Every structure is written in C-alpha cells, then in structure tokens.
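Take the sequence shown: its position 174, counted from the start at 1, is 174 in the numbering used here, and no numbers get skipped.
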Amino acid sequence: PPSIPMILYAVAAGTSIEQMFVASTHDYLLFFTDHGQCYWLRVYNVPEGSRTAKGRSVRNLVRIDAEDRVRAVLAIKKEDFRDDAFLETHFVLMATKRGLVKKSALAAFKRPLVTGIIAIDIVDGDQLLEAKLTDGDTEVLLGSSGGRAIRFHESDVRSMGRKSRGVRGMKLRARLQVDSAVSWERDGAQVLTMPEDGYGKRSPGE
1 PPSIPMILYA VAAGTSIEQM FVASTHDYLL FFTDHGQCYW LRVYNVPEGS RTAKGRSVRN
61 LVRIDAEDRV RAVLAIKKED FRDDAFLETH FVLMATKRGL VKKSALAAFK RPLVTGIIAI
121 DIVDGDQLLE AKLTDGDTEV LLGSSGGRAI RFHESDVRSM GRKSRGVRGM KLRARLQVDS
181 AVSWERDGAQ VLTMPEDGYG KRSPGE
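Written as structure tokens, this is what we have:
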C-alpha cells in the first residue's frame with residue numbers, strides 16, 4: 001500500500017499533548033521509557049482516529065511494563081532505517097534526571113524486540129528524561145530545576161553501546177534534577193524558557 005502522511009500526538013496520561021509530529025504510515029516509531037527501554041512500532045500499526053477521538057494507550061500496542069512510562073518518541077523514515085550510512089552517522093542522544101547524557105548510533109536501535117531492548121542503563125533513583133535524534137553536529141542544552149543550564153556540543157559525548165550508563169552532562173546540587181533537554185542544528189537559534197509560574201524568557205542560544 002502507498003505511504004500516507006499522518007499527524008501523531010503523544011499525550012501524557014490523557015491530559016495534555018506532550019509531542020506532535022508528522023510521519024508516514026511506512027515509517028518507524030521508537031518509544032523510549034523512563035526505565036531506559038526502547039520499543040519499536042510501525043506507524044501503520046497505530047489505529048487511525050477522528051479529530052475528536054481520544055486515541056489508544058501505547059500499552060495496547062507495545063509490551064511496556066506497568067510501572068514504565070514513555071518519555072520520548074522518535075519517528076524514523078523507512079528509507080533512513082534501511083540506509084546503513086544514515087544509521088551510522090545519526091545518533092540517539094539521551095539525558096536523565098540526574099544529569100547523565102549518553103549518545104548511541106541509531107544503528108543500535110534498528111532491530112528492537114517486541115518486549116523492548118535496553119537503550120540506557122538506568123540506576124535506582126534516576127529516570128530517562130529525553131531522547132533526541134541527532135546528526136553528530138548539534139548543540140545540546142540541559143536545564144535544571146534550580147534554573148541553571150549547561151550547553152555543550154554533542155561531539156563532547158562519545159558514542160556508546162546500548163547497555164552503558166552514559167557520562168555526566170551536568171553536575172547538580174542537592175535535591176535538584178534535570179528538567180529539560182533540547183538540541184539544535186543551526187547557529188542563531190534562540191531558547192525559550194517557561195517556568196511553572198507561566199513567565200517566559202527568550203535567550204540567544206549562542
């Protein structure tokens with residue numbers, strides 16, 4: 001059947017939209033959970049719904065543990081997932097709440113099992129916060145609950161195997177945690193910061 005563009009929504013506990021993106025029915029979805037697992041799904045296996053439909057829980061589509069929660073979704077084009085050069089030159093960059101970062105080649109995720117595979121080794125008391133697809137030449141910004149941030153180039157993080165824990169990306173003070181992780185590929189980017197009280201601030205990314 002032909003590949004059909006679709007709009008997909010990632011909703012947190014049925015309350016708010018956390019992520020919205022466009023993918024074709026033949027594309028692949030990678031789901032990353034807070035326990036560091038990765039699950040694989042084709043877009044055409046996601047039931048199509050009307051504009052007002054609630055949608056279906058991802059737990060009905062992949063075998064996610066009851067205590068696990070999806071933290072990030074990456075959409076990968078079918079032709080990219082079958083291109084060895086693309087798989088070796090693109091990476092999944094991950095960040096945890098305790099300030100660890102990890103980069104693994106996308107090739108390591110091209111054959112996940114139905115029951116999931118390990119994307120990052122998560123220790124007790126930590127959680128996967130975010131996973132981003134990068135091309136090896138992106139800037140990374142981690143922001144903490146104390147209002148501090150650190151920026152670095154992803155080349156500062158060497159590529160690692162799936163079962164490794166990562167390296168420290170940000171040193172945190174007591175009782176603080178990383179709350180956000182963003183990446184961008186171009187100069188001149190700006191960062192919009194939105195704290196819980198609703199105030200916003202826009203700052204140069206450089």
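The beta-carbon is built from N, C-alpha and C at its ideal position, and this holds for glycine as well.
The model shown is predicted, which means the values in this text are computed figures rather than measured ones.
The straight-line gap separating the alpha-carbon atoms of V191 and L61 is approximately 35 Å. In this structure, T115 is the residue among R98, A75, T115 with its C-alpha nearest to the C-alpha of D68. Partner residues in the beta bridge of K103, as assigned by DSSP, are L93, S159.
Of the other Cβ atoms in all chains shown, fewer than 16 fall within 10 Å of the Cβ of P195; this residue is therefore exposed. Nearest C-alpha to I122 among S104, G198, Q37: Q37.
Annotated as distal: I76 and F31, with beta-carbon spacing of 9 Å or more. When secondary structure is reduced to three states using DSSP, L113 falls in the coil class, being assigned neither helix nor strand. In the DSSP assignment, K132 falls outside any alpha helix (DSSP H) and within the unbroken beta strand (DSSP E) covering 128–134. Two segments are said to touch when three or more pairs of C-beta atoms, one from each, lie closer than 8 Å; by this definition the segment 69–88 does not touch the segment 153–166. Counted as a single uninterrupted DSSP element, the stretch harbouring E79 is not any beta strand (DSSP E) but the alpha helix (DSSP H) occupying residues 78–81. Under a 10 Å Cβ-count criterion, D137 is classified as exposed, with fewer than 16 other Cβ atoms of the shown protein chains found around its own Cβ. If you draw a 10 Å sphere on the C-beta of F21, you find fewer than 16 other C-beta atoms in it, and that means exposed.
Taking 9 Å as the cut-off, the beta carbon of L100 is found closer than this to the beta carbon of D126.
A check of alpha carbon separations from D197 across I150, R175, R151, S145 identifies S145 as the nearest. A residue is called buried once 16 or more other Cβ atoms fall within 10 Å of its Cβ, and Y39 is buried on that count. The Cβ atoms of T96 and I118 do not sit closer than 9 Å to each other. Only residues of its own chain outside the window of five on either side were considered, and among them V191 have a CB closer than 6 Å to the CB of S203, listed in chain order. Rounded to the nearest whole angstrom, the CA to CA distance from G147 to A66 is 32 Å.
Taking all protein chains in view, the Cβ of D135 is surrounded by fewer than 16 other Cβ atoms within 10 Å, so the residue is classified as exposed. In the structure shown, the three-state DSSP call for Y199 is coil.
Beta-carbon to beta-carbon, K132 and L106 are separated by about 11 Å, too far to satisfy the 8 Å threshold. Per DSSP, the unbroken beta strand (DSSP E) holding D179 starts and ends at 178–184.
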